[in-house]
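**Q** Residue numbers (the working numbering), protein chains in the order written: chain A, 301 to 897; chain B, 2 to 588; chain C, 53 to 185; chain D, 17 to 175.
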């Protein structure tokens, strides 16, 4: 067998594939062949590297060269220069936005320096469609050890000791969840992997399934052994075709090796998985709704208790964990509960994957230890705010979360601190906002989402969120009054207090947290009728700069409501009360004399 | 049963394990308001989606408020049902519901009957906080012959969906759409007439608002009454007299037969007759049919279809036409009492009066909404003139009485007119589940055995269990009888017959809980199933007080056969009193 | 594909497979490994750098030496090609000139594994290739 | 809602899909997925046929179809356009892109152009947040789209 001296890892995640990474693979391979280097260099399609901002990514090991934004036509050069002659192609190397220096070794990139990759340990490292690469990295060893040498309770105890908490949002201790399900008595139980990731702006579950499907399958089997289930179901969004494909391939390979199916590794334990597809309903991320959906019904949540661990899918005890939670499991068993619990904070152990997005330089997927500060995440890993603008807020936890501000930048991130700050971990979306973002509009955006995704079962969520949205709309269109803010607060609190499921109980968080942290901005909207960020169309203030105005009267003729007056060749004036903020004058003025605030 | 102790509003209460906070509170006289929750204990029907969130209470140590209807008590739980947090939440949620509900209560047909209206009155709602011109969810209105849907008024309590699917297994309705626009509707939001709806109306009976209401022909009845060229006669179904009093504040289970007759007369009906008369007629025809089939079966005839199924209930007829088209030949061909009455009135009584068929208006007062549909079926018309012109419900009769300034309470009891007003105890019990078959057995026994029945009460056929089975001894011949009320139970029985699991000679089926006494045209029970139990008892009380208790002993029935029909299953009977069924899918 | 019948089978399989991933594993924590860089510019290749590299890779794999081999550009010692730079963790990098296959193995066995000093070290001002322009 | 009258071959397709899932109502969502792949959308007749095979009420099927945004009862355009409205795309200007598309195509979200060429929908996060704002036409992904590019992109679909 050929001993490759170099591996060219090409990101095959959805983001990079969208920028032609498949053609890049082809080009690299053919150029390697052209130069007769087939025995020296191997091209591997991997999962996501996380650095989606600069995709497509080609990483070359062992020298950790990190090529960004590679185009198909760059491939020949990479092979001729780097593979053949050992000269890195400088122009494709990642350039540090601060120092403007090309960084040759990805280990030195700020983006990766503070990361600890557990759930993402194999993403961007192995070929997700090749089970051998997973096994080479101790894949299925944890499962093997457990089912041949441990009792379910012993394994559950390790999980409990590790302190792993559910990564889907709630943060419920995984070991305890397993224990409850293991103690429920039934002829059949189910392990469900919740891969119905729906937070807009969060895509970690998809990346894990695309980059390391076996770790999820292995963890589900481990869970099955612990709780006494032989059937596993992955509930996955139909909008994730690549993840579905990779998961199917992985399951097929595992079955062929006998790592799924009857009598795994001669242990007597049997387990297999099947896939169920979501169909575009955010609420199905809630576990009781997910179970309804798996049963072929409308994905409406049900009252808890009974919890799924007692009465779940088809009325049987069901353990539901999300993808990221499962991805941590094999690592915990391989390296030990103590190792895992040594990472993180007192009550939040291990790492968390975040999807960094918004007005930030390094958009992408990162995995950081719990307890890291927002400042480190945004300014070190994330490379700071785009275009040198000022940081304003970061939204965590998606539509269920809240906005954190400057004053939270040095708060260690963990489950409890985020809740204390009025937000939540959620599934790990992190959207960074700058000075141009209006926080009322941001709250409105999230409510729009919740209104659309509310299942409609309970009144507070179905109608309450609609009303919240209407009030925010009213404020953004300049018709709000101060009392609206009080009503927003009361209504939000009642919705949180009375809604049936997690979606409704958290949906007002964006409203409450923006009111708390940006009260002045709300006041500016309702009292002065100004949008300080300048983003609400109806609240733009148009004025004429007298020193620039030539009195050409072009604007007067453009104004549909006769709000502009003035003598010819004299500076004109806009009547603020008449102005409908249509912007027609602004378009017409040739002397940039119209000022918009 | 394990007991646990909890504290509600500073009062300790001991409850059985598994009890909800709502029930625990009820035990100590605290009535937590509910809206979507519905529990018909006597009938085993529960709707508990936990959706309206009106019943929330504070549980110490819990992050959010708990829906008391679906939160089980746990030992040591401390509950507050009316502190500021709870009151504010309830009021705010109710305001939200009202903000998406038309404010036309003054002209709503459910006004005064509406749970939502009552609740906002109770909670002292005086204004509704919402944005000016807040969006309302609106839907196309749907009018069917029996009921109307105005889903703008729907609050998504899901009671109708539960009844239609889980209880009746009709499957006409489902929650559709998502979020703000979600609503309960037939497939493709089409009209009910294009759905498998049987018009049983049980959805109307449980609707807490004016979203589902009966189709009301009262105005046409008033017009007919004031038309001097018309002779207007009325027939009243047995279940009506056992419930009508409730609308006038009388105790459930009060029989108001005499007052009802007086009221109808004072409304201006030319003759006040009794559907019970037709019920006796039904027994003659159906009972004879039953005996004929059993006789032929015992003689070894191979093509005899057994069991025979009763066919008095129009919703049930719709149900088997929709779901059991392969079994259309087993129900009795006898028409329902309402239609038998109509046929006799228009073809026999009209001649007696010497009025033209077109000038005789037959009105029925029914506990039922499906009857409104039944009288419109084509086969029950002659040249476009219906045998029964209008069918109004018990509730509609009550409001007609009220609107005509009649003081029901002070009326002197009166008797039905003759000849179509005489009836037996056997006819009265048509109003309760098991009654039709008991009535049939009383007559069939005597005709079959030629002996006089010693014991008239067949207690083994009575009760409120959804499915009941009994064997009656016909002088050595065991006759197996099955009884079901509510269509879901009917389906179980029918499926059992189809698969050969059951062997019955006769089966009685009623679509509504408890039979006609629980019909959708009856005064609303608002979730109190003990009302249905009280009506049930009243029906059998009336039976026991009747002088004649077997249909074939009704003197006017005997006379009708002598003068007009000849004998049961005669050609004239076939023409006027029997019908045939259609496969709905072939329409 | 054959079924894996026991945990031992799985472990054996892992051992057989892991060498294929070695290059990637090693890149994960280069600081803890001996880093060997082969100058692979035209002059290097012309002098047989590729053969040297193959020898190094095979020997490291065979003896499971905790070292990683990477390619580099021209180090500027064209007179002494093929050249390799060896950086043992905690020590300054050292450049060897005129390396052939035999010498490559010597370097690995004596310098890298046993820590002996070898002849033929090109004195440098301790610049790594990275810092070279 | 367009009326598709099922031919025998259509009925056979539906029957095969249902049989593949053993006519199990628990697999309704999978069946609807397959049917939508086969027909491009889920017209009334298809839903009725599925209900018939699974022995469940049509109302239930319709209730499920209308619950999940992935299912559609209107046929898509030849080139279905989806605008990602995930948060990352939103803060990077997806709304402007959407407005421009609405203007250019003169249709609303969920609509199809008169000639059936394009249909316009929104979706939630395709996970290409690095390329925000993102636009999909068919399977093709357009990243970092600006409103000014829309006309050019649309014009490139000649057929």
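The C-beta atom is built at its ideal place from N, Cα and C for all residues, glycine as well.
Taking the Cβ atom as the reference point for each residue, do residue 363 of chain A and residue 122 of chain C lie within a distance shorter than 7 Å?
**A** One-based indexing of the first chain puts residue 363 of chain A at position 63. One-based indexing of the third chain puts residue 122 of chain C at position 70. Contact flag set, yes.
**Q** Contact criterion: CB-CB distance below 7 Å. Does residue 60 of chain D meet it with respect to chain B?
**A** If you number the fourth chain from 1, residue 60 of chain D lands on position 44. Chain B contact via Cβ: present.
**Q** Under three-state DSSP, which class holds residue 272 of chain B?
**A** Your numbering for residue 272 of chain B matches position 271 in the second chain. Strand at residue 272 of chain B.
**Q** Could you check how far apart the C-beta atoms of residue 693 of chain A and residue 709 of chain A are, in whole angstroms? I think they sit under 8 Å.
**A** For this step, residue 693 of chain A is matched to residue 393 along the first chain. For this step, residue 709 of chain A is matched to residue 409 along the first chain. The Cβ separation is near 10 Å, so there is no contact.
**Q** Residues in the same chain with beta-carbon distance under 8 Å from residue 185 of chain B, minus the five sequence neighbours each way, listed in chain order, please.
**A** Walking along the second chain from the start, residue 185 of chain B turns up at place 184. Apart from the 5 residues on each side of it in sequence, residue 185 of chain B sits with its Cβ closer than 8 Å to the Cβ of 152, 155, 157, 159, 161, 162, 174, 175, 176 and 177 in its chain, given in chain order.
**Q** Looking at the unbroken beta strand (DSSP E) that takes in residue 537 of chain A, where does it start and where does it end?
**A** For the purposes of this step, residue 537 of chain A is taken as the residue at position 237 of the first chain. Unbroken beta strand (DSSP E) run through residue 537 of chain A: 531-537.
**Q** Anything in the stretch 75-103 of chain D with a Cβ closer than 9 Å to a Cβ of chain B? List those residues in chain order, please.
**A** Here the close residues are 75, 76, 77, 78, 79, 80, 81, 82, 83, 84, 85 and 89.
**Q** Below 9 Å on C-beta distance, what does residue 800 of chain A contact in chain B?
**A** On the first chain, residue 800 of chain A is found 500 positions in, with the first residue counted as 1. Within 9 Å Cβ-Cβ: 50, 51, 52, 54 and 68.
**Q** Return the residues of the stretch 187-215 of chain B that lie within a Cβ-Cβ distance of less than 9 Å from chain A, sorted by chain order.
**A** Listed in chain order, the positions of the stretch 187-215 of chain B with a beta carbon within less than 9 Å of a beta carbon of chain A would be empty, since no residue qualifies.
**Q** Classify residue 349 of chain A as helix, strand or coil using the three-state DSSP reduction.
**A** For this step, residue 349 of chain A is matched to residue 49 along the first chain. Coil, per DSSP.
**Q** To the nearest angstrom, how far is the alpha carbon of residue 125 of chain C from that of residue 429 of chain A?
**A** Numbered from its first residue, the third chain carries residue 125 of chain C at position 73. Numbered from its first residue, the first chain carries residue 429 of chain A at position 129. Going by the C-alpha atoms only, they are around 34 Å apart.
**Q** Does any residue of chain A have a CB that is nearer than 7 Å to the CB of residue 337 of chain B?
**A** The residue you call residue 337 of chain B lines up with position 336 of the second chain. Chain A, which has no Cβ nearer than 7 Å to the Cβ of residue 337 of chain B, makes this no.
**Q** What would DSSP say about residue 459 of chain A, mapped onto helix, strand or coil?
**A** If you number the first chain from 1, residue 459 of chain A lands on position 159. If DSSP states are grouped into helix, strand and coil, residue 459 of chain A belongs with the helices.
**Q** Would you call the stretch 572-585 of chain A and the stretch 472-487 of chain A touching, i.e. three or more CB-CB distances under 8 Å?
**A** no
**Q** Does residue 70 of chain C come within less than 7 Å of chain A when only Cβ atoms are used?
**A** By 1-based counting over the third chain, the position of residue 70 of chain C is 18. Residue 70 of chain C counts as touching chain A.
**Q** Please check the pair residue 810 of chain A and residue 861 of chain A, which I expect to be a contact at CB under 8 Å, by giving their CB distance rounded to whole angstroms.
**A** Working through the first chain from its first residue, we reach residue 810 of chain A at position 510. Working through the first chain from its first residue, we reach residue 861 of chain A at position 561. Their Cβ separation, rounded to whole angstroms, is 35 Å, which puts residue 810 of chain A and residue 861 of chain A out of contact at 8 Å.
**Q** For residue 477 of chain B, count neighbouring C-beta atoms within 10 Å of its own C-beta (all shown protein chains included) and say buried if the count is 16 or more, exposed if not.
**A** Within the second chain, numbered from 1, the residue matching residue 477 of chain B stands at position 476. With fewer than 16 Cβ atoms within 10 Å of its Cβ, residue 477 of chain B is classed as exposed.
**Q** Could you give the C-beta distance for residue 370 of chain B and residue 215 of chain B, rounded to a whole number, given that I count them as a contact under 8 Å?
**A** For the purposes of this step, residue 370 of chain B is taken as residue 369 along the second chain, with counting starting at 1. For the purposes of this step, residue 215 of chain B is taken as residue 214 along the second chain, with counting starting at 1. Indeed they touch by this definition, with Cβ atoms about 5 Å apart.
**Q** Reducing DSSP to helix, strand and coil, say where residue 143 of chain B ends up.
**A** On the second chain, residue 143 of chain B is found 142 positions in, with the first residue counted as 1. If DSSP states are grouped into helix, strand and coil, residue 143 of chain B belongs with the strands.
**Q** What is the DSSP secondary structure of residue 300 of chain A, counted as helix, strand or coil?
**A** Because chain A is modelled from 301 through 897, residue 300 of chain A falls outside the range shown and cannot be assessed.
**Q** In angstroms with no decimal places, state the Cα-to-Cα distance between residue 68 of chain B and residue 11 of chain B.
**A** The sequence position of residue 68 of chain B within the second chain is 67, counting from 1. The sequence position of residue 11 of chain B within the second chain is 10, counting from 1. Taking the straight line from one Cα to the other gives about 19 Å.
**Q** Could you confirm whether any beta carbon from chain D is found closer than 7 Å to the beta carbon of residue 145 of chain B?
**A** The residue you call residue 145 of chain B lines up with position 144 of the second chain. Output row for residue 145 of chain B: interface = no.
**Q** I'd like to know if the stretch 767-787 of chain A and the stretch 866-875 of chain A are in contact, where contact means that at least 3 CB-CB pairs between them fall below 8 Å.
**A** no
**Q** Pull up the CB-CB distance for residue 368 of chain B and residue 501 of chain B, whole angstroms please, since I reckon it's below 8 Å.
**A** Counted from its first residue, the second chain places residue 368 of chain B at position 367. Counted from its first residue, the second chain places residue 501 of chain B at position 500. Incorrect: roughly 35 Å between the Cβ atoms, too far for contact.
**Q** Output, in sequence order along the chain, the residues in the stretch 415-427 of chain A whose CB is closer than 7 Å to any CB in chain C.
**A** 425
**Q** Identify every residue that forms a DSSP beta bridge with residue 563 of chain B.
**A** Mapped onto the second chain, residue 563 of chain B falls at position 562. According to DSSP, which records beta bridges pairwise, residue 563 of chain B is partnered with nothing at all.
**Q** List in chain order: all unbroken alpha helix (DSSP H) runs of 4+ residues lying wholly within the stretch 423-448 of chain B.
**A** Taking 4 residues as the shortest admissible run, the stretch 423-448 of chain B contains the following complete alpha helix (DSSP H) segments, listed from N- to C-terminal end: 426-429.
**Q** If contacts are defined as beta-carbon pairs under 8 Å, then residue 311 of chain B and residue 437 of chain B qualify, I think. What distance do you get, rounded to the angstrom?
**A** Locating residue 311 of chain B in the second chain gives position 310, where the first residue counts as 1. Locating residue 437 of chain B in the second chain gives position 436, where the first residue counts as 1. The pair is a contact, with the Cβ atoms about 5 Å apart (cut-off 8 Å).
**Q** On the criterion of 16 or more Cβ atoms from any shown chain inside 10 Å, does residue 98 of chain C qualify as buried, or is it exposed?
**A** Walking along the third chain from the start, residue 98 of chain C turns up at place 46. Exposed, by the Cβ-count rule.
**Q** Using a threshold of 6 Å, is the CB atom of residue 680 of chain A nearer than that to any non-hydrogen atom of the ligand PLP?
**A** In terms of ligand content, the structure shown is empty, and the ligand PLP therefore cannot be addressed.
**Q** Nearest-angstrom Cα distance between residue 41 of chain B and residue 208 of chain B?
**A** One-based indexing of the second chain puts residue 41 of chain B at position 40. One-based indexing of the second chain puts residue 208 of chain B at position 207. Between residue 41 of chain B and residue 208 of chain B, the C-alpha separation is close to 14 Å.
**Q** Taking contact to mean 3 or more Cβ pairs, one atom from each stretch, closer than 8 Å, check whether the stretch 416-431 of chain A and the stretch 596-610 of chain A are in contact.
**A** Contact annotation: the stretch 416-431 of chain A does not touch the stretch 596-610 of chain A, with fewer than three C-beta pairs closer than 8 Å.
**Q** Can you find a C-beta in chain A that's less than 7 Å from the C-beta of residue 69 of chain D?
**A** Position 53 of the fourth chain, counted from the start, is the residue given in the question as residue 69 of chain D. No, because no Cβ of chain A sits closer than 7 Å to the Cβ of residue 69 of chain D.
**Q** Taking C-alpha atoms, which residue in B/362, B/172, B/125 and B/445 lies nearest to residue 1 of chain B?
**A** Because chain B spans 2 through 588 in this model, residue 1 of chain B falls outside it and cannot be assessed.
**Q** So what's residue 512 of chain A in DSSP terms, helix, strand or just coil?
**A** On the first chain, position 212 is the one that residue 512 of chain A refers to. The answer is coil: DSSP assigns residue 512 of chain A none of H, G, I, E or B.
**Q** Would residue 613 of chain A count as contacting chain G if we go by Cβ distances under 7 Å?
**A** Absent from the structure is chain G; the protein chains it does hold are A, B, C and D.
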